[in-house]
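Going line by line, the protein sequences match chains A and B. Under the working numbering, residues 104 to 878 are what the first sequence spells out, in order. Under the working numbering, residues 9 to 169 are what the second sequence spells out, in order. Beta carbons: idealized from backbone N, C-alpha and C, even for Gly. Since this is a predicted model, take the numbers as computed values, not measurements. Structure first, commentary second.
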Amino acid sequence: MGVRYFGAEVRRVEDPKLITGRGQYLDDLPIAGVVHAAFVRSPHAHARIQRIDTAAAKSTPGVIAVYTAEDFGDVARRTLPHMVPVAIVKQPLNYQPLAHSEVCHVGVPVAVVVGKTRALAEDAASLVNVDYEVLPAIIDWRRALDANAPRAHSGTPDNLVGALHGRFGSVEDVFAKAPHVFAERFETHRGGCHSMECRGVAAMMDPFGNGLTVWTSTQAPHMIRRLIADHLGRDERTVRVIAPDVGGGFGPKCAFYPEEVVIPLAAIELGLPVKWVEDRHEHFLSTTQQRDQSWDLEVAADLNGRLLAVRGRCIHDNGGYVPYGLVAAVTSLSAFPGPYALEAVDIKLDVVFTNLIPNTPVRGAGRPTTCFVLERLADRVARELSIDPADVRRRSFVRKEQFPYPTGMKARDGSLVTYDSGDYHGCLEAVLELGGANFDERRTEALAQGRYIGRGIASYVEDTGLAPFEGASVRVEPTGRVVVQTGAASQGQGHATMFAQICADILGVRIEDITVEAADTALFPLGIGAIASRTAVTAGSSVHQASLAVRKKAIKVASELLEAAEGDLELEDGVVRVVGAPGLNVPLGQIAAKLNGMSGIPMFQGIEPGLASTAFYEARKTTFANGTHLVEVEVDIDTGRVKILRYIVGHDCGRLINPMLVDGQVRGGVVHGIGNALFERVQHDEQGQPMAVNYSDYLLPTAPEVPRIEIIHIESPSPLNPIGVKGAGEGGTIPAAAGVIAAVEDALRPFNVRITEHPVSPARIRELIRLGQAD
Amino acid sequence: MSYTERVQLTVNGQAQEAEVESRTHLADFLRHQLRLTGTHVGCEHGVCGACTVVVDGVPVRSCLMFAAQANGCTVTTVEGLASKDGVLHPLQQAFWNNHGLQCGFCTPGMMMTLVAYLQENPNADEDDIRDAISGNICRCTGYETIVNAALDAAQVMRERI
Ligand code: FES
Ligand code: FES
Numbered sequence: 104m105g106v107r108y109f110g111a112e113v114r115r116v117e118d119p120k121l122i123t124g125r126g127q128y129l130d131d132l133p134i135a136g137v138v139h140a141a142f143v144r145s146p147h148a149h150a151r152i153q154r155i156d157t158a159a160a161k162s163t164p165g166v167i168a169v170y171t172a173e174d175f176g177d178v179a180r181r182t183l184p185h186m187v188p189v190a191i192v193k194q195p196l197n198y199q200p201l202a203h204s205e206v207c208h209v210g211v212p213v214a215v216v217v218g219k220t221r222a223l224a225e226d227a228a229s230l231v232n233v234d235y236e237v238l239p240a241i242i243d244w245r246r247a248l249d250a251n252a253p254r255a256h257s258g259t260p261d262n263l264v265g266a267l268h269g270r271f272g273s274v275e276d277v278f279a280k281a282p283h284v285f286a287e288r289f290e291t292h293r294g295g296c297h298s299m300e301c302r303g304v305a306a307m308m309d310p311f312g313n314g315l316t317v318w319t320s321t322q323a324p325h326m327i328r329r330l331i332a333d334h335l336g337r338d339e340r341t342v343r344v345i346a347p348d349v350g351g352g353f354g355p356k357c358a359f360y361p362e363e364v365v366i367p368l369a370a371i372e373l374g375l376p377v378k379w380v381e382d383r384h385e386h387f388l389s390t391t392q393q394r395d396q397s398w399d400l401e402v403a404a405d406l407n408g409r410l411l412a413v414r415g416r417c418i419h420d421n422g423g424y425v426p427y428g429l430v431a432a433v434t435s436l437s438a439f440p441g442p443y444a445l446e447a448v449d450i451k452l453d454v455v456f457t458n459l460i461p462n463t464p465v466r467g468a469g470r471p472t473t474c475f476v477l478e479r480l481a482d483r484v485a486r487e488l489s490i491d492p493a494d495v496r497r498r499s500f501v502r503k504e505q506f507p508y509p510t511g512m513k514a515r516d517g518s519l520v521t522y523d524s525g526d527y528h529g530c531l532e533a534v535l536e537l538g539g540a541n542f543d544e545r546r547t548e549a550l551a552q553g554r555y556i557g558r559g560i561a562s563y564v565e566d567t568g569l570a571p572f573e574g575a576s577v578r579v580e581p582t583g584r585v586v587v588q589t590g591a592a593s594q595g596q597g598h599a600t601m602f603a604q605i606c607a608d609i610l611g612v613r614i615e616d617i618t619v620e621a622a623d624t625a626l627f628p629l630g631i632g633a634i635a636s637r638t639a640v641t642a643g644s645s646v647h648q649a650s651l652a653v654r655k656k657a658i659k660v661a662s663e664l665l666e667a668a669e670g671d672l673e674l675e676d677g678v679v680r681v682v683g684a685p686g687l688n689v690p691l692g693q694i695a696a697k698l699n700g701m702s703g704i705p706m707f708q709g710i711e712p713g714l715a716s717t718a719f720y721e722a723r724k725t726t727f728a729n730g731t732h733l734v735e736v737e738v739d740i741d742t743g744r745v746k747i748l749r750y751i752v753g754h755d756c757g758r759l760i761n762p763m764l765v766d767g768q769v770r771g772g773v774v775h776g777i778g779n780a781l782f783e784r785v786q787h788d789e790q791g792q793p794m795a796v797n798y799s800d801y802l803l804p805t806a807p808e809v810p811r812i813e814i815i816h817i818e819s820p821s822p823l824n825p826i827g828v829k830g831a832g833e834g835g836t837i838p839a840a841a842g843v844i845a846a847v848e849d850a851l852r853p854f855n856v857r858i859t860e861h862p863v864s865p866a867r868i869r870e871l872i873r874l875g876q877a878d
Numbered sequence: 009m010s011y012t013e014r015v016q017l018t019v020n021g022q023a024q025e026a027e028v029e030s031r032t033h034l035a036d037f038l039r040h041q042l043r044l045t046g047t048h049v050g051c052e053h054g055v056c057g058a059c060t061v062v063v064d065g066v067p068v069r070s071c072l073m074f075a076a077q078a079n080g081c082t083v084t085t086v087e088g089l090a091s092k093d094g095v096l097h098p099l100q101q102a103f104w105n106n107h108g109l110q111c112g113f114c115t116p117g118m119m120m121t122l123v124a125y126l127q128e129n130p131n132a133d134e135d136d137i138r139d140a141i142s143g144n145i146c147r148c149t150g151y152e153t154i155v156n157a158a159l160d161a162a163q164v165m166r167e168r169i
C-alpha cells in the first residue's frame, strides 16, 4: 500500500466550512421552536439557601417556566454521578443539578428561568429572590487543613478530599548520603479554560417515543450520555448526545456540569426544546479551572549536580466540589520523576476543599505544575553548584539506551510506570544547538548596554494515549465513499483530517473520498473522550486496524470476482486490480454493493455482509512523549515587562501523522503556558469573590506578546501501538511556564532574584527585583 | 418592557429590513434574526474580537453596536467574504493553506479584522499584523499561523490590485 498521506502536511478537511461561516457550533444549531434558559447563580462563596421566591420572575411576560431544586423532586436533590469514581476520594461531594440547601462557591446554579428569548429569561432571572444565610468560607487552600478552618461544606469532619502518596526507592538513605540537598517552597497557579466558545447545552424530547436528544459543547459525548442516563435513571439507548462543532475545549469541557442535567430536565418537563449558552461572565463563574498548589520540596544531588531524589509535600486546592475525581492531583503526582533517572521519590499530596470553582484538568492537567517544580529544582542545583543548567539535565536524564525504562512509580492499576521510548538528550541538544552556544556572551554584551536578557530551558515527559480505548468503524458505500465513524470528539485538533489520512493510505483512496463522522452517540456505540492527549493513539490506531480489515476483505472478495489469487491483487485509487493487468479490476464501491446483499442472491462463502469493519484498539500501556523548550527573554527592569525574544521547542511525540497539525498543537499549547507564566491569574478576595470576571481583568496572551515558535521534531516511534504515535495535545503547555520563568530569573541574575511561583506580573517582577537588591 | 425600531441595511450585498428590539446588539441580530451564524460571540464585552464584522468598510465589534445603529449601513460578515460563485477570498484561502485555524471559533472575527486592515495597509509586515489582530483572541493556534496566513493573503491581495 502506498503511503501518501501519513506523515504529510495535508490541509485540513474541516476547514472549508469553518472559513466560510458554515460551522455549526452549539448556539448556531437551527433547533425549531427552541426556548431559552438563563441560570440564577449563587453570589456567595458559601451560604445556606433559606428561601427562593420565584413569583415575580414567573409573572414576567415571555417567561415559560422557573425551576428550583424543589420542582424536580429527587432527581434534583441527588448529587451528580462521578466521572471517575475512585476510592481515593475520601469525601466525594459533588454538585446537585440545582443547589437545594447549600452553595459552595460563587456561581453555583440555584434556579433556572426558561423564556421565549434569552434576553427575557435573563430579565426574569434577575427577579428571582433568594435568601441566603452566608456561611464562613475557606478560600486560602494552604489553611484548609487547619483544625479551626471553616469547612467548605458544612457538617464535614475536615476539608480533606483525599491524600495521595507516591514513592519509590530508599529516600531517607539517598538524602542522608547525598552531598547536596536544597529545599525550596513553590506556589503554582493555573488559569481557566477560556475556549473561545463558551459551554452550552440544548435538549429536546423526540416528537415520537421516549428518546431524549442532548447537544452539548463537550469533549466527551459518550461519557456525558452515560452520566445523564445514570442521573435520570434512563437506559442509555434512550439518550442521544451530540457534540456539534466545538470551539475549543482544553480540558474543562470534559467535566460533567449541572447544566447538562438541568436543561434536559427542563426540556422533559416542558416538552419543548430548551437551550442554554454560557456567557463569558458565567464561564468565569462556573466552568472548571485549574488552580493553586503549594509545594515544600527538597532535592538531593551528587557532586556533579546529578539529581538523585526529590521529596516533600504539596497542598492542592480542589475547589468546592469533586466532579472529576482527583485527576488533576493524580497527574501531578504521576508526573514524577519527569525525564530524570532518580533513585528515589517521596511525595505526599493533600487535596483540599475550598469554596472556589472546582479544579479539574486544564491543558496538561497536573503535569505543568510538577514540571515547574522539578525544573526549578534542577535550575536551583545548577545555580548552587555553578554549573550549566543543561549539564544538570544531561547528567540526570534517562538515557536513550535505558528504554523501556521503569521509573519506579506505580501506575493506577499497580503496574510499574515504564517509559516506552524517547531521546531526551536528543531533544535537549537539538534546542541548544539551534539556540546557539554564545548566549553568555550575548548576555554580557546586553548587560553592558543596560539590557537584561536571560535564557531558560525546561524538559518534560508526558504520559499520553490514556487507557482504555477509543473505537472506530470504517465502511465503504456503494458509491465508493468511505465513511469513518468514531466516538472520539474533536474541539479543533483536526482529528477528521488525521483519521482520513490514516484510512486513505490503507484503502488507496483520496482523502476527499472519506467522510469522518464523530461525536454523536447514535453513530458510534462507545467512546471515552478527547482528553489526556489520547485520540491519535487510541482512535488513530483503531482507524488503522479497521481500515486494514476492510482492505483485507475487499481483496478477498475481489479475488473471487476477478478470479485471481489475492497475492496478485493491488488496491490503488479506490480500485482493486490484477497486478500487470490493470484492465482486470473492480472498484471498492462495487465490492461494497455486492457485500450489501441482494434479495435472493447468496453471499460469498465465509464472508460477512458489508464492506465494513469496527476496531477497538485497546491502550493497555501508556506511551510517553517528551521534549525540551528553550526560551530567551528580555526584562525591562523599570516596568517589569517581559518580552519573549525566542522560543524553541524540541518535541518528540513518536511518528508524526501530520506535522502541520502537530505543530499547531505545540504552538497553541506553548502560548497557553506563556499565559500561565506571565498573564493568567484567577484572583479572589477573602470572601471568595472572583476579582477577574472579564477579559480586561483576566489577561490572555494576544498576538503581540507571543513570539514565533521554532519547532524541531525528533521521532522516537512508540513500540506500543501499530502506528508508532504518541499524544501531542498537551506537551506544548507542560514545560512552557517553567521555561519562561527560568529565563526571567536568568535575566534578573544581577539582582539575585529567585522565582518559585507563577504567574509573575510586571508588578511582581519589580517587587522581586527590590527584594533581591535588599538581600 | 421592550422597545423596537425598524432598520434598513445592506448585509453581504443584500438589502434587509427588519424590526429589532432596541437593546439587541448587532451580533445577535445577525445571528438570530438573519441566521448568519458565522459571526460568533466570545465575550460580549468588546475584548475577544470574535464578533468582528465590517460596517461601512471599518471593522466593528458587533457585540458593542446596537442593531438599530446599523440602520442605513453596509455590513459584511464572514458569509460575504467569498465571491458569489464560491471562490474563496484570498484570506480564506490563506487561512486554509497555512493552518490558520483550529477550532475555527475566532476565525471569522480574525478574517473580518484583517480584511479591512489589509485593504488599508496592503504592505503590512508581521509586526503590523500582530498589532492589527491584538484585539482578537485565539486560544488554539498561538497566532503564528494566523500571521502567516495574513502575510500570504496580503501578497495575493497586492498582486490583484
Ligand atoms: S464578542 Fe464582541 S468582542 Fe468578544
Ligand atoms: S482557532 Fe480556536 S480560538 Fe482561534
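Exercise. Does Met104/A get closer than 8 Å to chain B when you measure Cβ to Cβ?
Worked result: Because the pLDDT at Met104/A is just 49, under 50, the model does not fix this residue reliably, and the point stays unresolved.
Exercise. Hey, would you say Ile605/A sits closer than 8 Å to Val660/A, going by beta carbons?
Worked result: no
Exercise. What are the residues of the region 61 to 77 of chain B that lie near chain A, defined by any Cβ-Cβ distance shorter than 7 Å?
Worked result: none
Exercise. Taking Cβ-Cβ distances shorter than 9 Å, what residues in chain A pair up with Asn105/B?
Worked result: Arg114
Problem set entry | For Asn232/A, the three-state DSSP class (helix, strand or coil) | strand
Exercise. Looking at chain B, which residues of the region 793 to 823 of chain A have a Cβ within less than 9 Å of any of its Cβ atoms?
Worked result: Asn797, Tyr798, Ser799, Leu803, Pro804, Thr805, Ala806, Pro807, Glu808, Val809, Pro810, Arg811 and Ile812
For this session: Using a Cβ cut-off of 8 Å (strictly closer), state whether Cys51/B contacts chain A.
Result: yes
Exercise. Whose Cβ in chain B lies nearer than 8 Å to the Cβ of Gln596/A?
Worked result: Gln110
Problem set entry | Within chain B, the residues that Asp382/A reaches when beta carbons sit closer than 9 Å | Val49, Cys51 and Glu52
Exercise. Arg154/A bridges to which residues according to DSSP?
Worked result: Asp234/A
Exercise. Residues of chain B with CB under 8 Å from Glu300/A, in chain order?
Worked result: His48, Gly50, Cys111 and Phe113
Exercise. Just checking, does the region 237 to 247 of chain A make contact with the region 429 to 446 of chain A on the three C-beta pairs under 8 Å criterion?
Worked result: no
Exercise. Ligand 1: which residues have Cβ under 6 Å from any of its heavy atoms, chain order?
Worked result: Val49/B, Gly50/B, Cys51/B, Glu52/B, Gly54/B, Val55/B, Cys56/B, Gly57/B, Ala58/B, Cys59/B, Arg69/B and Cys71/B
Exercise. Would you say the region 612 to 629 of chain A touches the region 144 to 153 of chain A, given that touching needs at least three Cβ pairs under 8 Å?
Worked result: no
Exercise. Is the Cβ of Gly21/B closer than 8 Å to any Cβ of chain A?
Worked result: no
For this session: Could you check how far apart the C-beta atoms of Ile658/A and Glu675/A are, in whole angstroms? I think they sit under 8 Å.
Result: 12 Å between Cβ atoms; not a contact.
For this session: Please confirm if Arg770/A has its CB atom under 8 Å from at least one CB of chain B.
Result: yes
Exercise. Is it right to say Ala866/A is buried, meaning 16 or more other beta carbons lie within 10 angstroms of its own, or is it exposed?
Worked result: exposed
For this session: Tell me whether Leu109/B counts as near ligand 2, meaning its Cβ is closer than 7 Å to at least one heavy atom of that ligand.
Result: yes
Exercise. Is the CB of Leu121/A under 8 Å away from at least one CB in chain B?
Worked result: yes
Exercise. Between which two residues does the alpha helix (DSSP H) harbouring Leu330/A extend?
Worked result: Pro324 to Leu335
For this session: Kindly say whether Ala90/B, judged by its beta-carbon, lies nearer than 8 Å to any beta-carbon of chain A.
Result: yes
Exercise. Met226/B: beta carbon under 7 Å from a heavy atom of ligand 2?
Worked result: Nothing can be reported for residue 226/B: it is not among the residues displayed for chain B, which extend from 9 to 169.
For this session: Report yes if the C-beta of Met299/A is less than 7 Å from at least one heavy atom of ligand 2; otherwise report no.
Result: yes
Problem set entry | Same chain, Cβ closer than 6 Å to Ala667/A, neighbours up to 5 away in sequence not counted | Val681
Exercise. In terms of residues, what are the limits of the alpha helix (DSSP H) holding Gln109/A?
Worked result: The sequence shown places Phe at residue 109/A, rather than the Gln named in the question. No alpha helix (DSSP H) contains Phe109/A, which DSSP labels as neither H nor E.
Exercise. Is any heavy atom in ligand 2 found nearer than 7 Å to the beta carbon of Thr149/B?
Worked result: yes
Exercise. Is Gly50/B helix, strand or coil when you go by DSSP?
Worked result: coil
For this session: Could you spell out the range, first to last residue, of the alpha helix (DSSP H) harbouring Pro367/A?
Result: Glu362 to Leu373
For this session: State the CB to CB distance for the pair Met706/A and Gly700/A, rounded to an integer number of angstroms; the pair is presumed to be in contact (CB under 8 Å).
Result: 6 Å
Exercise. With a cut-off of 8 Å, do at least 3 Cβ pairs link the region 149 to 166 of chain A to the region 389 to 406 of chain A?
Worked result: no
Exercise. Hey, quick one: how far does the alpha helix (DSSP H) through Cys530/A stretch, first residue to last?
Worked result: Tyr527 to Gly538
Problem set entry | Residues in the region 123 to 156 of chain B having any Cβ partner in chain A nearer than 9 Å | Glu134, Asp135, Ile137, Arg138, Asp139, Ala140, Ile141, Ser142, Gly143, Asn144, Ile145, Cys146, Arg147, Cys148, Thr149, Gly150, Tyr151, Glu152, Thr153, Ile154 and Val155
Exercise. Should Gly112/B be counted as a contact of ligand 2 given a C-beta to heavy atom distance under 7 Å?
Worked result: yes
Exercise. Does the Cβ of Cys146/B lie closer than 7 Å to at least one heavy atom of ligand 2?
Worked result: yes
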